[in-house]
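I have placed the structure first, in the form of structure tokens, so that the comments after it can refer back to it.
Residue numbers (this note's numbering): 11 to 187.
Here you go:
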């Protein structure tokens, strides 16, 4: 739960785009949760099968690597929307209330630029993997779905950061009046 101060400087919702993006973030967050559960069950199965039959699950490492892409990045936009990411608040805490939304908008802009580079790079990584038929070493699973998901998750994060920046700027305009 956000404190009263955090709510007063938080981004204002931006409307229907925000609702659509939130629904997509919720879906990806749910997908990440399912993949975390699948990863746990796969680990339990790997241990059980190795103990009972002394035989590993074929391609276990490849499967874990592919699932980790989903687990690590699918819910990043969701976490940003809920402001559940790790952050340091000593700078905003020392600022006057009217400048906090401007500071947050500036930080959102910096994040937008950084994530834009990542979106650009992940698109070309996905495209290259898809065109070349890139696959994992052991079980020859295609790598492009995980790379496409990474591109999608980072694109949604970029949109969330853009909406946050717009919301912070709107909040700043209101506070400055």
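Just so it is clear, CB atoms sit at the ideal spot from N, CA and C, and this is done for glycine as well.
Collapsing the DSSP output to three states places residue 145 in a strand. Here residue 163 really is in contact with residue 83; their C-beta atoms are around 4 Å apart, less than 8 Å.
Taking a contact to require three or more Cβ pairs closer than 8 Å, the stretch 146 to 163 and the stretch 70 to 79 qualify as touching.
With a contact defined as Cβ atoms closer than 8 Å, residue 31 and residue 166 qualify at about 7 Å. When DSSP reads this structure, residue 152 sits in a beta bridge with 145. In this structure, residue 117 lies away from residue 28, with their beta-carbon atoms at least 7 Å apart. Burial check for residue 107: the Cβ neighbour count within 10 Å stays below 16, so the residue is exposed. Excluding its 5 nearest sequence neighbours in each direction, residue 171 has C-beta neighbours in its own chain below 8 Å: 90, 118, 121, 122, 125, listed in chain order. Of the residues assessed, residue 134 falls on the exposed side of the cut-off, its CB having fewer than 16 other CB atoms within 10 angstroms. Boundaries of the alpha helix (DSSP H) harbouring residue 63: 26 to 63, taken from the DSSP string. Leaving aside the five residues that flank residue 186 on each side, the residues in its chain whose CB is nearer than 8 Å to its CB run, in chain order, 108.
Burial is judged here by how many other beta carbons sit within 10 angstroms of a residue's own beta carbon; residue 47 has fewer than 16 and is exposed.
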